[in-house]
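The structure appears right after this line, and notes come after that.
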Amino acid sequence: MTPDPDIDSPQVGQEPARRSGSILLVLLVAGAIVTAAVAFMALGRTEAQPYILALLALLAMVGLFTLFAFAAGIVRFADRTVDDPLMRPIADHAFDGIAVTDSGGHIVYANSAYLTLTGAASMQDVRPVERVFIGNPDVSEAVFRLLKAAREGKRQQEEVRVAAADGTNGRWLRLRVRPLAQAKRYARYAVWSIADITRDRERQEDVFQELRHAIEYLDHAPCGFFSVNQPGDLVYVNATLANWLDHDLAEIGSGGLKLTDIVSGDGAALLTSIVAAPGEVRTEVFDIDLRMRNGKTMPARLYHKLAFGADGAPGPSRTLVVSRARDERVDPQRAAEVRFMRFFDHTPMAIATVDKSGAVGRANARFAKLAQSLSPGGAAAKSILAAVNERDRGQLSVAIHAAAEGQGDIPPVEVMLDGARERWGQFFVTAVEDDHDAEAAIVYMLETTERRTLESQINQSQKMESVGQLAGGIAHDFNNVLSAIMMANDFLLNAHKPTDPSFQDIMQIKQNANRAAALVRQLLAFSRRQTLQPKVLDLGDTLSDIGMLLKRLIGEKVTFPGVVHGRDLWPVKADVSQFEQVIVNLVVNARDAMPDGGKLAIRTANVAAAEVATFGHKGLPAADYVLVEISDTGTGIPPDIVDKIFEPFFSTKEVGKGTGLGLSTVYGIVKQTGGFIYVDSRTGEGTTFRIFLPRHHPQAEASPASPGVIGAAKEPPSAAKAASTDLTGQGTILLVEDEEGLRSLNARGLRSRGYSVVEASNGIEALEALDEKDGAVDLVVSDVVMPEMDGPTLLRKMRVRNPNLRIIFVSGYAEEAFDKSLPENEQFAFLAKPFALSALVAKVKETMTAT
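Going by our numbering, the sequence shown opens with residue 994, and the numbers climb by one from there.
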């Protein structure tokens, strides 16, 4: 152990005494003790006992004193690290001023550099940091933060500027404070350091000034300069270019401007289409138009330099911009070049020069943009054949070889483009006149995707319209035949009792006639000529009403959690029974597509006009709709037949199953209601049908219809009601029907109920009969579609003779099919074919008695 020096006394540059232990002293003490023990043994136990006790007492006193001295810190065990002769000189002769303070802020150690930096002449003048800079407002706040950190045992650093007393620039000082050590005994000590960093600051200022001058030179250079990163953001634009384009420099580098904001047309694609090997540096020259903030353009030549990293990703560009606006006024030759380059880059056609193998030599901006959209990796920018689908590349290659051989008048080639979605392009290949191996042909390309899509839609629409007209015509003829069958069947039923052996056969005829009538209604639904009874509906309530029916239809294998209703659904106007048929047909198809089970989902939602574009459905105009979406997780619809599913008699089911009218009926009902239906299907993933029904606006309703006409015709009385009502009557009825058999049966039925019937086979005969009766006809029952004169024309001519004449139109088409051809507010009743005898006489009785 060595005595502890007075640590509270300041020391500066003193060499402390070496306080190392001595092995010789330890041996001498041990020898003395052994010698005393031998002497005591020689004296004998009795004589030596006092001496032994005295020696033990002496040793005990020395040990007790040592313990108290160690506890008081007067002596301590020697620390080899402290006594290391290298440690103290390092601190004493350091360049930075170093001082150690205790918890009271008193300095217990300071080196020579500290005295020099604080202006102390000797150890008697040394002061702590806060007293050195007392009264200096520029430093006081920093010193306060340092003192707080010292009290909390934390590290802190501040850089302050100390003004000189003579008014010169003064000095920059870096002040630091930290705890002396982590040990508890040193926790109350803090180490302060002061460093003069004036020279470092001056060097930084010089570098900053040089950088500022360089930026100023670059900003006001007679040419423009910008840098763009890989995402297309402008990270730097010099003042010259900003002034040319009338942009604020504050917008640059803050996400305010992108490359596409200052480059006109597709020119940005040229700059981003450069393909290079990893690590390569490329410089390309482009003649493009830059866009000013006011929308005007400025011709410019760009020297675009890009460095590519090891991963092939381009870094920020270094792009020099030379304005060519003056060339147009000064040099006619350069002006012509500028005009040509502007024409070349702004043409709507993609243009590229290629060699015999299809490698691209030069290309305009439109081609660069096309190449980027087809192959992000840049393959299409290198070879024009890479822009074409692999199956069609041979056609374009043949055309390029023909041009390379000097052949003219090469027919255009229309091929499918490569890419994730189906796109088409038409290529025009022309030969290069001069012999140049690098350029064998010039290729012009127009994308024809939209044109082909439109042609396909028109063809499909025309085909569906033609098939619809055919189906409607067939349905009309079938309605006449079925009306005659049903009318004759009614006569047979009236003539036979239920106990008659032939009664069941007659009933079988009636049932099959009704089934045929339902099939005809499906044909009319497809052709959008069926009779609808539209009402204002809440689709949520309508779908909830048939929820149990749907669960029974789909069976136990298919999971159907129920309809997910949108909030506050808008009303729609549709025929409830026909709309239910639409849902049932789609649900049954979904069930059949999931033979091993799956999930069925039905949801409804409002779709505002602004949201229509998000669906991406072509032909869907922007308006408010109520959406009904039916999704399944079934087998999906193959792409080659998805465009045929709404055609009549098209079915993927086995022979003998289904009529092929399910989806065509759905299509017709939705279209006749004014809505739209779209399908989205992926093989093996499922199918989604989306029905968009137009929102119904009550204020758009017309004024109430004329009394007792259309409204009465839309809801004929049921058969039970007709049977329980007296359907006999009196009066003269003019029956106009071009089908002789049907006309005779209808006349026979009306006469059997007490009416006088005058028959006519067409409109001309009907007018002659009306003239013979001097207009004394109580009711006219007329077909709509007839030769020589149709029903609406007949009605107008009859109104001239008798304005109050009542008329019932009979047709297999929908009422709306001919309603528009009548004068506004024209009064008439309507009866849809096919109909039974009871329906005819009920409608006649209802119209005759209407006021």
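Backbone N, C-alpha and C fix where the C-beta goes; we use that ideal spot for every residue, glycine too.
Would you list the residues sitting across from residue i in a DSSP beta bridge?
i	result
residue 1598	1620
residue 1847	A question about residue 1847 goes unanswered here, because the residues of the chain that appear run from 994 up to 1844.
residue 1566	1529
residue 1407	1419
residue 1438	1343 and 1420
residue 1801	1774 and 1822
residue 1556	1595
residue 1740	Beta-bridge pairing links residue 1740 to no other residue.
residue 1307	1301
residue 1296	1278 and 1313
residue 1033	In the DSSP output, where bridge partners are listed per residue, residue 1033 has none listed.
residue 1783	Beta-bridge pairing links residue 1783 to no other residue.
Please identify the residue among the options whose C-alpha is closest to the C-alpha of residue i.
i	options	result
residue 1177	1116, 1110, 1720 and 1096	1096
residue 1769	1779, 1731, 1741 and 1727	1727
residue 1786	1757, 1620, 1101 and 1358	1757
residue 1622	1800, 1580 and 1658	1580
residue 1285	1363, 1253 and 1273	1253
residue 1413	1366, 1438 and 1620	1366
residue 1301	1439, 1274 and 1230	1274
residue 1087	1148, 1187 and 1166	1187
residue 1213	1236, 1171, 1606 and 1204	1236
residue 1091	1099, 1081, 1104 and 1100	1104
residue 1751	1735, 1774 and 1734	1774
residue 1509	1083, 1424, 1826 and 1183	1826
If you draw a straight line from the C-alpha of residue i to the C-alpha of residue j, how long is it?
i	j	result
residue 1242	residue 1279	24 angstroms
residue 1603	residue 1687	14 angstroms
residue 1804	residue 1777	6 angstroms
residue 1506	residue 1574	20 angstroms
residue 1153	residue 1138	12 angstroms
residue 1346	residue 1558	58 angstroms
residue 1839	residue 1755	25 angstroms
residue 1312	residue 1145	54 angstroms
residue 1056	residue 1019	15 angstroms
residue 1538	residue 1416	45 angstroms
residue 1657	residue 1489	40 angstroms
residue 1612	residue 1599	19 angstroms
residue 1372	residue 1269	11 angstroms
residue 1033	residue 1041	5 angstroms
residue 1383	residue 1420	15 angstroms
residue 1746	residue 1759	22 angstroms
residue 1661	residue 1639	9 angstroms
residue 1211	residue 1291	21 angstroms
residue 1763	residue 1780	18 angstroms
residue 1149	residue 1093	15 angstroms
residue 1271	residue 1223	15 angstroms
residue 1736	residue 1663	34 angstroms
residue 959	residue 1120	No answer is possible for residue 959: it lies beyond the span of the chain, which begins at 994 and ends at 1844.
residue 1359	residue 1572	48 angstroms
residue 1125	residue 1171	18 angstroms
residue 1283	residue 1257	5 angstroms
residue 975	residue 1634	This structure cannot speak to residue 975, because the chain is shown only from 994 to 1844.
residue 1443	residue 1304	37 angstroms
With distances taken between CB atoms, is the gap from residue i to residue j smaller than 8 angstroms?
i	j	result
residue 1886	residue 1682	No information on residue 1886 is available, as it lies outside the stretch 994 to 1844 that the chain covers here.
residue 1399	residue 1377	no
residue 1227	residue 1263	no
residue 1422	residue 1393	yes
residue 1833	residue 1481	no
residue 1627	residue 1666	no
residue 1343	residue 1363	yes
residue 1837	residue 1772	yes
residue 1689	residue 1566	yes
residue 1294	residue 1317	yes
residue 1314	residue 1217	yes
residue 1424	residue 1396	yes
I'd like to know if residue i contacts chain C, where contact means its C-beta is closer than 8 angstroms to some C-beta of that chain.
i	result
residue 1061	In the structure shown, chain C does not exist; there is a single protein chain.
Query - Length-filtered (4 minimum) alpha helix (DSSP H) runs lying within the segment 1102-1185 - result: If you keep only unbroken alpha helix (DSSP H) runs of at least 4 residues inside the segment 1102-1185, you get 1105-1111, 1122-1125 and 1130-1144.
Query - Within the segment 1655-1696, ranges of the beta strand (DSSP E) (whole runs, at least 3 residues) - result: As far as the segment 1655-1696 is concerned, its whole beta strand (DSSP E) runs of at least 3 residues are 1669-1675 and 1679-1687.
Requested in this report: Kindly provide the ranges of any alpha helix (DSSP H) runs that are 4 or more residues long and lie completely inside the segment 1222-1294, ordered along the chain.
Outcome: Along the length of the segment 1222-1294, whole alpha helix (DSSP H) runs at least 4 residues long occupy 1232-1238, 1252-1255 and 1260-1265, reported in chain order.
Query raised in the report: Which full runs of the alpha helix (DSSP H) of 4+ residues lie inside the segment 1470-1518, going along the chain?
Result: DSSP runs (the alpha helix (DSSP H)) wholly in the segment 1470-1518: none.
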